[in-house]
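Asks: Residue numbers (numbering that gives the first Met the number 0): 0 to 70. Don't be surprised by glycine CBs; every beta carbon is placed ideally from N, CA and C. Okay, handing you the structure first.
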Amino acid sequence: MTKNEPRPDAPAPEPVHLDPGTLAILRCPRTLQPLHLDAQSDPPALVAQDGSIRYPIVDGIPVFVPSNPGV
0 MTKNEPRPDA
10 PAPEPVHLDP
20 GTLAILRCPR
30 TLQPLHLDAQ
40 SDPPALVAQD
50 GSIRYPIVDG
60 IPVFVPSNPG
70 V
């Protein structure tokens with residue numbers, strides 16, 4: 000079993016769905032670029048238009064703040 004391979008007894012992840020109208024207005028808080036949904040990644044993520052920044056989606060909620068903010 001590889002690192003990215005799910006365990007045989009692990010439940011299948013639920014698909015991520017975002018309302019198209021909501022997705023159309025979301026912007027990257029750092030670059031103001033439009034975001035698109037990458038539902039195939041693990042974890043799913045919202046990705047800046049140029050692909051430079053990813054915001055993971057955890058339990059259906061996009062995480063726009065770092066887990067260890069350096070402020």
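1. Work out the CA separation of P55 and F63 for me, nearest whole Å.
2. Tell me the rounded alpha-carbon separation between L34 and P14.
3. What is the DSSP secondary structure of P61, reduced to helix, strand or coil?
4. List, from N- to C-terminal side, the beta strand (DSSP E) runs of 3 residues or more that fit wholly inside the region 22 to 59.
5. L31: buried (16+ other C-beta within 10 angstroms of its C-beta) or exposed?
Replies: On the basis of the data shown:
1. 8 Å
2. 18 Å
3. strand
4. 34 to 37, 44 to 47 and 53 to 57
5. exposed
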